[in-house]
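To start, the structure under review is shown below, and the notes come after it.
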C-alpha cells in the first residue's frame, strides 16, 4: 500500500494482475477495498535480480496497439519470496491505495472521508495481512473492547472514458448545494444491507437533510449526477483535457467496474527456425543493440545470454544478423488487433516441426493420424512444452473491450505519461493441436453457405453490432465487419466439445484449460486448427496429463465421446431448436450451459459463435461437418 499505510494487505497470482486485479481495478479485501495504482508508482528497487520477460513478437504487438515505439520492456510484477513482513519481501509488491476513501462505521453509521482523521488504520498482526482494517476512533456507541470496524461506503462513480471518482455524498444529501448550517457537517449512512439502493439513506446530522440512494440509480438518477470530473484515481490526477461524459453510479464490486485489455502469445520459434535462431528471437531485447565487439563480454556477464554457451561467437553473431535482416513487423489489420495467431499456426502446421527448446517442444506420432480419425482430423501434434506470455496494455470501464476492434471502447492509460514498459506474466504448460482437413471444411462451407441456420447467425451478428456499437463507430457503419465466418463456428464448437470431454479424463478442470482457434478461409494460407492447452505460473509447467491424451487410442476415445455427447443435451428440444431470430441478437444457436458453454478463462470469445448443429446432426444432417461418428 502507498502513502501513509506501508503494509501488505493481501496477495494475488501474477495472472490475476492481467485479468482480475490489474492497474485501475478495485479489489475487495475482507474489511475494505483498495485501488491498484498506476505503473508510475510501481518500484523494483527492492528486487535486485529482476529481469524483463523476453517475447519480441508480443512486445512488437504492444507497441503497435498502443502506437508507442517507446515501449521497451515487458515486466513481471515486483515480487520477492519470503513471509517475514519486516524483511525485504515485506517492502516489495504492487502498490494500492484505499478506495473509496469514504468509510462508514459499522456501529454508529458515521460517514466520512479518510482525510477527516475520524478513522484509523489498524494492523496489529503484520503476518496476517487479511486482518488489516480501518476503525472508528471515537465512536459514540462503542461499548468496550476493540474499536468498531469501518468499512468502505459502497458507491463510486465511473464513466465510459475510464475515470473513477468518489460519490459526492455531501452534495447529494443537500440537493447539489452545501449544508446551510456547517461547512463540514457530519454525515450518517443508514445501510440496511442487501442489493437494493432503497436500503441506503444519507442523513446530515447538522441540518437533518435526508436523501435515499435510490434517487441516484437508473436513467433518471443518472441525469441528476454531476458531470464527470475526469478523475484518474489510479494515477492520482485528473484528465488534462477534462471529460464530457456522464458518469454512472456503481456499487463497489460491480463486475463492470474494470475490464482488462490484454494481448497474449505463445513463445513459438519461426517456422523452420533452428534452436539457435529461436533463442536469438527470444532474447532479442538483450541482443538488439549489442555490437559485435561486445559479444564475448556480454555472453559472460549478462545472465540471459548464458543460454548460448554451446555456440561460438561467430555462430551467434551470424544468427543475430539473420534475425536483424528479416522483417520483424507483426501484421495488423485495419481496425483490428495485431495478428499474433498466424506465426503460431505456421509452426503447428509445418511439415517439419522445430527443434525442441526449454520453452517449446512439439511431437508428431510417426504413425500419423489413426485410421478411424482420418476423415475427421488431418493432423495431430502433441505440444509437450509451451510458454504463454500475456501483457496488460490498458483497461476499460462499463463496457468490455471488443475482441476484434481495440479502439471501439476508450482505453484508460496505465501511466500518466508515455509508456516505456507494460506489466506482463508468463506461464508454462502443455497441449494438443488438431488440424482439420481443408477439403473437408471447404465442402462443408459450400453446403451451409445458403442455409437458413447460417443466415440466421449472420443476421443476429448484424443486429448485435447495430444494437451495441453503431453509435460509437465513426464513419460508415458496416454491420458485418469482423464477422468470424462459418468456419469459426465449426472449429469453436468442436473445441468446446473436446475440452468438456478432456476435462473428465485428464485431471484438469475445464476452467484450467484454454483454447486458441485458428480459422481463416480463402487466401494462400487458409487456417483450420484448434489448440487446447493448459498453462500454470509454476516454472515446471504441467506434468503430461493433457498431452498424453493425444495418443491414438486416447484421442479416438475422446473424439467419439465428444461427438456422441454433442448429439444430445438435457435441455433438448429447447437447446437443439434454438436459432436467433429478429429481434434476438445472441450469438449462439444450439448451445447452452449444459452442453457447450465454458468458463470465461477458457473460451476466447465469451461463449459466442457456438452451434452444435454445425458439428453433429441434431436436425438437418447436411449442416453437420461430421454426420457420422468415427
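Numbering (our numbering), first residue to last: 1278 to 1907.
Where a beta carbon is used, it is the ideal one built from N, C-alpha and C, also for glycine.
Nothing here was measured: the structure is a model prediction, and the numbers come from that model.
With residue 1448 as the anchor, note down where its alpha helix (DSSP H) starts and where it stops. Secondary structure note for residue 1448: its alpha helix (DSSP H) is the uninterrupted segment 1446-1450.
Where does residue 1395 fall in DSSP's three states? Residue state, collapsed to three classes: coil.
Can you check whether the CB of residue 1302 is closer than 8 Å to the CB of residue 1702? Not in contact: residue 1702 and residue 1302 (Cβ atoms no closer than 8 Å).
Residue range of the unbroken alpha helix (DSSP H) whose run includes residue 1638: Run containing residue 1638: none in the alpha helix (DSSP H); it sits in the beta strand (DSSP E), 1638-1640.
Could you give the distance in angstroms between the alpha-carbon of residue 1427 and the alpha-carbon of residue 1504? Taking the straight line from one Cα to the other gives about 29 Å.
Is residue 1884 buried or exposed, if buried means 16 or more other CB atoms sit within 10 Å of its CB? Burial state of residue 1884 is buried, judged by a 10 Å Cβ sphere holding 16 or more other Cβ atoms.
Where do the N-terminal and C-terminal ends of the beta strand (DSSP E) with residue 1435 fall, by residue? DSSP places residue 1435 in the uninterrupted beta strand (DSSP E) bounded by 1432-1435.
Return the CA-CA distance between residue 1678 and residue 1764, expressed in angstroms with no decimal places. A direct Cα-to-Cα measurement between residue 1678 and residue 1764 gives close to 24 Å.
Just checking my contact of residue 1843 with residue 1775 at CB under 8 Å: how many whole Å lie between their CB atoms? About 10 Å separates the Cβ atoms of residue 1843 and residue 1775, ruling out a contact at the 8 Å cut-off.
Which residue from 1511, 1418 and 1425 puts its Cα closest to that of residue 1441? Per the Cα distances, 1511.
Between the alpha carbons of residue 1700 and residue 1354, how many angstroms are there, rounded? Each residue's alpha carbon lies about 7 Å from the other.
heavy atom of the ligand ZN below 7 Å from residue 1435 C-beta: You won't find the ligand ZN in this model; it holds no ligand whatsoever.
Does the stretch 1676-1691 come within contact of the stretch 1642-1662, defined as at least 3 CB pairs closer than 8 Å? Segments in contact, no.
Let me check understanding here. Comparing Cα to Cα, which of 1772, 1781, 1558 and 1876 lies closest to residue 1891? Minimum Cα distance to residue 1891 is reached at 1772.
Quick check on DSSP: helix, strand or coil for residue 1856? Reduced to three states, the DSSP call for residue 1856 is coil.
With the cut-off set at 8 Å, would you say residue 1906 and residue 1841 are in Cβ contact? In this structure, residue 1906 places its C-beta atom within 8 Å of the C-beta atom of residue 1841.
Straight-line gap, residue 1528 to residue 1349 (C-alpha atoms, nearest Å): Cα to Cα, the separation comes out at about 37 Å.
Which two residues bound the contiguous beta strand (DSSP E) that contains residue 1536? It spans 1536-1543 - the beta strand (DSSP E) in which residue 1536 sits, taken as one unbroken run.
Express the C-alpha separation of residue 1466 and residue 1605 in angstroms, rounding to a whole number. Confidence at residue 1605 is low in this model, with a pLDDT of 45, below 50, so its placement is unreliable and no value can be given for it.
Close-in-space but distant-in-sequence residues of the same chain around residue 1327 (CB under 6 Å, 5 per side omitted): Closer than 6 Å at Cβ, skipping near neighbours: 1321.
Using 10 angstroms around the beta-carbon of residue 1671, count the other beta-carbons present and answer buried if the total reaches 16, otherwise exposed. Buried, by the Cβ-count rule.
Coarse secondary structure for residue 1337, derived from DSSP in three states: Residue 1337 falls in the helix class under three-state DSSP.
Per-residue DSSP class, three states only, for residue 1810: The answer is strand: DSSP assigns residue 1810 an E or B state.
Could you pull out every residue in the same chain whose Cβ sits closer than 8 Å to the Cβ of residue 1478, ignoring the five residues on either side in sequence? Cβ neighbours of residue 1478 beyond the five flanking positions: 1466, 1467, 1487, 1488, 1489 and 1490.
To the nearest angstrom, report how far apart residue 1300 and residue 1409 are at their CA atoms. Roughly 21 Å separates the two Cα atoms.
Would you check if the distance between the CB atom of residue 1430 and the CB atom of residue 1377 is smaller than 8 Å? At the C-beta level, residue 1430 and residue 1377 come within 8 Å of one another.
Look at the Cβ atom of residue 1285, then the Cβ atom of residue 1359, and state whether they are nearer than 8 Å. In this structure, residue 1285 sits away from residue 1359, with a CB-CB distance that is not shorter than 8 Å.
For the candidate residues 1799, 1656 and 1570, whose alpha-carbon lies nearest to that of residue 1710? The shortest C-alpha separation from residue 1710 is found at 1656.
For residue 1666, which of 1392, 1287 and 1545 has the nearest alpha-carbon? Among 1392, 1287 and 1545, the Cα nearest to that of residue 1666 is on 1545.
To the nearest angstrom, how far is the alpha carbon of residue 1769 from that of residue 1796? Whole-angstrom Cα-Cα distance: 9 Å.
Buried or exposed, going by whether 16 or more other CB atoms sit within 10 Å of the CB of residue 1558? Per the 10 Å Cβ criterion, buried.
So residue 1918 is in the alpha helix (DSSP H); what residue range does that whole segment cover? Only positions 1278 to 1907 of the chain appear in the structure, and residue 1918 is not among them; the question remains open.
Mind listing, in chain order, the continuous beta strand (DSSP E) runs of no fewer than 3 residues lying wholly within the stretch 1284-1357? Runs of the beta strand (DSSP E) inside the stretch 1284-1357: 1303-1305, 1310-1313 and 1350-1352.
Per-residue burial, residue 1452 [other beta carbons within 10 Å of its own, 16 or more giving buried]: Classification for residue 1452: exposed.
Rounded Cβ spacing between residue 1343 and residue 1696 (contact assumed at less than 8 Å): Contact between residue 1343 and residue 1696 holds: CB atoms are separated by about 6 Å, below the 8 Å threshold.
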